[in-house]
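First up is the structure itself, then whatever we jot down about it.
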Amino acid sequence: KWSLAIHGGAGTLDPAQMTPDKRAAYEADLQKALDAGSKILADGGSAMDAIKAAIIIMEDSPLFNAGKGAVFTWDGTNELDASIMDGRDRSAGAVAGVKTVKNPILLADTVRTQSEHVFLVGKGAEDFAVSKGFAVTPPEYFATPFRREALERLKAEKLSALDVDHKFG
Amino acid sequence: TVGAVALDSQGNLAAGTSTGGMTGKRWGRVGDAPLIGAGTYADNRACAVSATGWGEYFIRVGVAHEICSKIRRPEPQCGVVESDDGVGGHVECRSFRALSQERAQAAADAVMADVKELGGDGGVILVTPEGHAIFSFNTTGMYRGRATSAGVREVAIFGGEEKASKTP
């Protein structure tokens, strides 16, 4: 017996704003993530491997607010957070405010498995990533026009972050 | 924010969450996603949870751990049962009752109601040791999907359409 659930963010959006093309794109990437995790579980693989496989696909998709496609900070950067936990022994790893790691979920898992700590932040987390062989990903990789426009709209219209983010993604 | 939770065929649970945070965030703001117990939690005795939503409220409620604590299995109670003839005996452990999907759903819904009462919104996904894959959210929708060895395989976006959206 195995089971998998995934999410790509929650929010409030008028269904009329969800065009058929947009909907198809989101559903396709959700399905890819679901299929990747399901295959691992169906083949007898571990829950840890399954969730990482599913999350990596969504981090690599520009549609979701994680990894590539992350929202912009006030300063125009993309700062990423992630955490992971293993129910077998409650081992856990987490990172926050990293800017140079393509797949933060893998860094969180490396904190879990290759350090005596649970939670690393900022430059320290990035230094730890380099020491463990993670490639330094340039900031352009994470930036998408859609998210940049959201930041510009927030600043121009003096909106709060909640005004802009109170929607899908 | 994205996340995944799973139960594998060995009976082990896992949870993970990843996010870019909020647009225009300043002052090193961090939400619930990287916080173990708020945005992410996994315990084989209870459940695996990943959350998404207004992080400040999820932190205050401790959403992921709170859900798991509500449905944690009791430790097996063991004791010596003496034999009828009074000579010797054996150890017996009282088994726990399997968690129903309704009870797991109720636990998730109760915690999300608590988030809403404080003024927050968002959603959670969870799986249980019994293999239930559950969603609970108080927004109009949540990008989501679930699959199980029993043949469930679906993705959905808005509320109340769990069975409406198959593979595109």
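Taken in sequence, the protein lines are chains A and B.
Letter by letter, the first sequence follows residues -4 to 164 in our numbering.
Letter by letter, the second sequence follows residues 87 to 254 in our numbering.
Every residue gets a Cβ at the ideal spot worked out from N, C-alpha and C, and that includes glycine.
- Inter-residue Cα distance where the pair is Lys174 (chain A) and Thr87 (chain B): This structure gives no information on residue 174 (chain A), because the portion of chain A shown stretches from -4 to 164.
- With DSSP run on the structure shown, which of helix, strand or coil describes Ser136 (chain B)? strand
- Message: For Arg85 (chain A) and Asp129 (chain B), which I take to be in contact (beta-carbon distance under 8 Å), what is that distance rounded to the nearest angstrom?
- Response: With 8 Å as the limit, Arg85 (chain A) and Asp129 (chain B) qualify as a contact, their Cβ atoms being about 6 Å apart.
- Take Val166 (chain B) as the anchor and find which of B:Val177, B:Val147 and B:Pro160 has the nearest alpha-carbon. Nearest option by C-alpha distance: B:Val177.
- Message: Report the CB separation of Ala233 (chain B) from Leu29 (chain A) in whole angstroms; it is logged as a contact under 8 Å.
- Response: 5 Å
- Message: Let's test the definition: count the other Cβ atoms within 10 Å of the Cβ of Leu36 (chain A) and tell me whether it reaches 16, buried, or not, exposed.
- Response: A residue is called buried when at least 16 other Cβ atoms come within 10 angstroms of its Cβ; Leu36 (chain A) meets this threshold and is buried.
- Query: Should Ala103 (chain A) and Ser78 (chain A) be called a contact, given that it needs their Cβ atoms to be closer than 7 Å?
  - Reply: yes
- Query: Comparing the C-beta of Lys156 (chain B) with each C-beta of chain A, is any distance below 7 Å?
  - Reply: no
- Task: Determine whether the Cβ of Val66 (chain A) lies closer than 7 Å to any Cβ atom of chain B.
- Result: yes
- Query: In whole angstroms, what is the alpha-carbon distance linking Glu74 (chain A) and Gly92 (chain A)?
  - Reply: Spanning the alpha carbons of Glu74 (chain A) and Gly92 (chain A) requires a straight line of approximately 5 Å.
- Item | Cross-strand partners of Arg183 (chain B) (DSSP beta bridge) | None, per the DSSP bridge assignment.
- Item | Touching by the beta-carbon criterion (3+ pairs, under 8 Å), the region 11 to 25 of chain A and the region 237 to 248 of chain B | yes
- Cross-chain neighbours of Ile122 (chain B) in chain A, by beta carbon under 7 Å: In chain order: Ser78, Met80, Ala87, Ala89 and Val113.
- Query: For Gln109 (chain A), which option in A:Lys97, A:Ala87, A:Val116 and A:Pro133 has the closest C-alpha, if you only look at C-alpha atoms?
  - Reply: Out of A:Lys97, A:Ala87, A:Val116 and A:Pro133, A:Ala87 has the C-alpha closest to the C-alpha of Gln109 (chain A).
- Taking only beta-carbon atoms, is Asp129 (chain B) less than 7 Å away from chain A? yes
- N- and C-terminal bounds of the beta strand (DSSP E) containing Arg239 (chain B): Judged by DSSP secondary structure, Arg239 (chain B) falls within the beta strand (DSSP E) whose first and last residues are Arg239 to Phe244.
- For Met228 (chain B), collect the residues of the same chain with a Cβ closer than 6 Å to its Cβ; drop the 5 residues on either side in sequence, then sort them by chain order. Gly209
- Message: Determine, for Arg83 (chain A), whether the minimum Cβ-Cβ distance to residues of chain B falls below 7 Å.
- Response: yes
- Query: Apart from the five residues just before and just after Thr253 (chain B), which ones in its own chain have a Cβ nearer than 6 Å to its Cβ?
  - Reply: Because Thr253 (chain B) carries a pLDDT of 35, less than 50, the predicted location of this residue cannot be relied on, and the following value inherits that uncertainty. Once the five neighbours on either side are set aside, Thr253 (chain B) has no close Cβ partner at all.
- Under 9 Å between beta-carbons, which chain A residues line up against Gly217 (chain B)? List them in chain order, please. Simply Lys(-4), Trp(-3) and Ser(-2).
- Item | Cα-Cα separation between Glu111 (chain A) and Asp118 (chain B), rounded to whole angstroms | Going from the Cα of Glu111 (chain A) to the Cα of Asp118 (chain B) covers about 22 Å.
- Query: How would you list, in chain order, the residues of chain B whose beta-carbon sits under 7 Å from the beta-carbon of Gln109 (chain A)?
  - Reply: Result: empty, since nearest Cβ-Cβ is about 17 Å, beyond 7 Å.
- Could you tell me the distance, in whole angstroms, from the CA atom of Ala20 (chain A) to the CA atom of Gly6 (chain A)? For Ala20 (chain A) and Gly6 (chain A), the distance between alpha carbons rounds to 17 Å.
- Message: Taking CB distances under 7 Å as the criterion, tell me whether Ile153 (chain B) reaches chain A.
- Response: no
- Task: Would you mind reading off the limits of the alpha helix (DSSP H) that contains Gln109 (chain A)?
- Result: Pro99 to Gln109
- Range of the contiguous alpha helix (DSSP H) that encloses Ser155 (chain B): Val149 to Lys156
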